[in-house]
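What follows is a short report on a single structure.
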Amino acid sequence: MDYPQTLDYLFNALPMFQRIGGAAFKKDLSNTLALCDLLGNPQNQFRSIHIAGTNGKGSSSHAIASILQEAGFKVGLYTSPHLKSFTERIKINGNEIPEEEVVEFVAKNKQFFEEKQPSFFEMTVGMAFWHFAKEKIDYAVVEVGMGGRFDSTNIIHPILCLITNIGYDHMQFLGNTLPEIAGEKAGIIKENVPVVISQRQEETSPVFIEKAKAMTAPLYFSEDFYHVEKQKDSPININSLFKVLKDGKPEFLEMDLHGNYQAKNLAGILKATDVLQNMGISIEEIHVKNGLRNIVENTGLKGRWQTIQEHPRVICDTGHNEDGIKYIVEQIAEVPYDHLFMVIGMVNDKDVSKVLSLLPKKAEYFFCQAKIPRAMPADVLYEHATKQGLIGKVVNDVNEAIGIAKARANKNDLIFIGGSTFVVAEVNDL
762 MDYPQTLDYL FNALPMFQRI GGAAFKKDLS NTLALCDLLG NPQNQFRSIH
812 IAGTNGKGSS SHAIASILQE AGFKVGLYTS PHLKSFTERI KINGNEIPEE
862 EVVEFVAKNK QFFEEKQPSF FEMTVGMAFW HFAKEKIDYA VVEVGMGGRF
912 DSTNIIHPIL CLITNIGYDH MQFLGNTLPE IAGEKAGIIK ENVPVVISQR
962 QEETSPVFIE KAKAMTAPLY FSEDFYHVEK QKDSPININS LFKVLKDGKP
1012 EFLEMDLHGN YQAKNLAGIL KATDVLQNMG ISIEEIHVKN GLRNIVENTG
1062 LKGRWQTIQE HPRVICDTGH NEDGIKYIVE QIAEVPYDHL FMVIGMVNDK
1112 DVSKVLSLLP KKAEYFFCQA KIPRAMPADV LYEHATKQGL IGKVVNDVNE
1162 AIGIAKARAN KNDLIFIGGS TFVVAEVNDL
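First residue of the sequence shown? That's 762 in our numbering, and the numbers climb one at a time after it.
What follows is the structure, given as structure tokens:
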């Protein structure tokens, strides 16, 4: 098979959560363990950092990878889902896995896939670890797909774990309360491996304390060490500026990621970096500063409060659950504009009423749907939205909806695109 045929095989022959939802999720690591055993257990051939959480794990993964790259290391980065290209999921120093490597991996292991029927995600995890070992990386930054305890990435024995925000998402798999969800995320905590928690949350902190104690894992709540405030954006500065207090001493750090929610992530990123430094890993202050300033350039991260056009200003963000949308709505309120247009699509296996209730009422909406089976039909989304007092119309195609919004907008208006990672993934100009 050539590369397009290989991709077609992967997307259609293996169960893929992004496309079909729950049928692709297994509470079992046996397939991943069997695949990695066949591959010679590549996950044991490099040092890894494991990152879980509801929101912020993608940004934090990319930031830590960027800092390690600036420090001169060869860094593997495994994240999901991809936005534009499958190869985005597996990178080394910002370079995506070559298409010929994907073809080689599938060709070599197709018999295993036919016999064991692993999920798309299980296969991708094995491919990432195989590629990282083959290329002899120094460190891998590995983002959990969903949850933690039964996530396919949880076969690694990392040198550090980082858990970001805990919020309501994927409740049908992870539990209906924050402590239950935190319990699943805490499943990545390993014996004697330090763990950093980005945010202290009243309902979830006891879960992490108990799990860390059971695993004799050193535990750090980053907010006990760092206080981070995002400064008001200035037209002079193309990056976001954050005031960071450590031991009462102020410092200003820039990030090329612009969401206000990055203030929550930054404390965890900085404490995780401290822990790595205390292990004797050679990371200097300049590496941290440059790493945070060059996350997009070093890693290719997209879709985090990303401006894709000015006049009218067009912004997209992959935030899609209750906590993520709260931050987005707060940030929209800080942007000066005459009129607000919202291009919104969602998936059909979540309760969307809570998220829709948070969205601004004073806006013109275009309800669309991504081209995946999990997408909520735009007309169904429209019905839910009208019950929440949102006014707009159905335009099924994402880019057609964006085009209509742009045609209606004046130069001082704002167009926001989001509601689902898969809506952002279809934006032509991304």
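By construction, the Cβ of each residue, glycine as well, lies at the ideal position given by its N, Cα and C atoms.
In its own chain, which residues sit with a C-beta less than 7 Å from the C-beta of residue i, not counting the 5 before and 5 after it?
i       : result
Val1090 : Leu1119, Leu1120, Pro1121
Asp1112 : none
Thr965  : Ile927, Leu939, Pro940, Ala943
Between residue i and the rest of its own chain, which residues show a CB-CB distance below 8 Å, the 5 nearest in sequence each way excluded?
i       : result
Lys845  : Lys1063, Ala1186, Leu1191
Ala1170 : Pro1073, His1100, Phe1102, Ile1176
Phe1194 : Because the chain here runs from 762 to 1191, residue 1194 falls outside it and cannot be looked at.
Lys1123 : Leu1101
Who are the Cβ neighbours of residue i in its own chain at under 6 Å, not counting the five residues just before and after it?
i       : result
Trp1236 : No answer is possible for residue 1236: the residues shown for the chain start at 762 and end at 1191.
Leu1006 : His988
Ala826  : Val836, Leu838, Val902, Thr1060
Phe969  : Ala947, Ile958
Ala1146 : Leu1117
Gly855  : Asn1059, Thr1060, Gly1061
Nearest CA to the CA of residue i: which residue from the options?
i       : options                            : result
Phe1177 : Tyr1143, Asp1158, Gln1092          : Gln1092
Lys897  : Met1107, Arg808, Lys1032           : Arg808
Arg961  : Glu941, Tyr987, Val1104            : Tyr987
Ile1070 : Gly936, Val902, Leu1175            : Correcting the residue type first, residue 1070 is Gln in the shown sequence and not Ile. Selected option, being the one with the closest Cα: Leu1175.
Ile1086 : Ser821, Pro967, Ala826, Gly928     : Gly928
Tyr1126 : Phe1102, Asn802, Lys877, Ala1136   : Phe1102
Tyr770  : Gln872, Gln933, Cys797, Gly936     : Gln872
Gly837  : Ile853, Ala824, Ser822             : Ile853
Asn792  : Phe911, Asp1140, Leu1014, Leu1053  : Phe911
Gln830  : Ile1133, Leu1053, Pro919, Lys1172  : Leu1053
Gly909  : Ile825, Ala975, Ala943, Gln766     : Ala943
Asn1189 : Glu941, Ala1146, Ala901, Ala1131   : Ala1131
Pro940  : Asp899, Glu875, Lys1167, Pro967    : Pro967
Glu1095 : Cys922, Asp994, Glu875, Gly833     : Asp994
Phe772  : Val867, Glu1144, Asn802, Ala1024   : Val867
Tyr1022 : Ile1042, Glu861, Gln992            : Gln992
Asn1000 : Asn1051, Gly1041, Pro1011, Tyr1098 : Asn1051
Pro1097 : Ile1076, Val1104, Gly1106          : Ile1076
Val1057 : Gly801, Ser821, Leu800, Met762     : Ser821
Met762  : Gly801, Ala1168, Asn870            : Asn870
Gln766  : Lys1004, Ile828, Glu861, Tyr900    : Glu861
His918  : Phe1013, Asn1173, Tyr900           : Tyr900
Ala1024 : Asp1008, Lys1004, Ser1043          : Lys1004
Phe847  : Leu935, Lys877, Phe882             : Phe882
Asn1160 : Lys1123, Glu876, Gly1106, Gly936   : Gly1106
Using beta-carbon positions only, say whether residue i and residue j come within less than 8 Å of one another.
i       : j       : result
Ile916  : Gly814  : no
Val863  : Tyr764  : yes
Gly1213 : His1048 : Lying before the first or after the last residue shown, residue 1213 is absent from the chain, which here runs from 762 to 1191.
Glu1015 : Leu1002 : yes
Asp1017 : Asn1055 : yes
Leu1211 : Pro879  : Since the displayed the chain opens at 762 and closes at 1191, residue 1211 lies outside it and no answer follows.
His823  : Thr1182 : no
Pro1155 : Met1137 : A small correction: the amino acid at residue 1155 is Val; Pro does not occupy that position in the sequence shown. Taking 8 Å as the Cβ cut-off, Val1155 and Met1137 do not qualify as a contacting pair.
Ala947  : Lys974  : no
Asp817  : Ser913  : Reading the sequence as shown, one finds Gly at residue 817 and not Asp. No. Outside cutoff.
Val1116 : Glu1083 : yes
Ala894  : Pro1011 : no
Gly833  : Glu904  : no
Trp1220 : Leu800  : No answer is possible for residue 1220: it lies beyond the span of the chain, which begins at 762 and ends at 1191.
Ala1168 : Cys1129 : no
Ile1044 : Ile828  : yes
Pull up the distance between the alpha-carbon of residue i and that of residue j, whole angstroms please.
i       : j       : result
His811  : Ala1033 : 11 Å
Ser841  : Arg850  : 6 Å
Asp1158 : Gln806  : 44 Å
Asp789  : Leu1027 : 32 Å
Ala774  : Thr1068 : 36 Å
Gly906  : Glu945  : 12 Å
Ser1114 : Ile949  : 31 Å
Gly1164 : Asp798  : 49 Å
Val1184 : Gly1041 : 42 Å
Gly1104 : Leu921  : A small fix is needed here, since residue 1104 is Val in this sequence, not Gly. About 39 Å.
Val1141 : Ile1030 : 39 Å
Glu865  : Arg1135 : 30 Å
His843  : Phe1013 : 32 Å
Asn937  : Asp1008 : 37 Å
Lys877  : Ala1166 : 47 Å
Tyr1088 : Ile858  : 33 Å
Leu935  : Glu1046 : 38 Å
Ala1139 : Glu990  : 38 Å
Would residue i count as contacting chain C if we go by Cβ distances under 8 Å?
i      : result
Gly801 : Structure shown: chain C not included; a single protein chain is present.
Evaluate the contact criterion for the region 1149-1156 versus the region 1027-1047: three or more CB pairs, one atom per stretch, below 8 Å.
no
Could you tell me whether the region 949-956 touches the region 974-981, where touching means 3 or more Cβ pairs closer than 8 Å?
yes
Evaluate the contact criterion for the region 876-893 versus the region 931-949: three or more CB pairs, one atom per stretch, below 8 Å.
no
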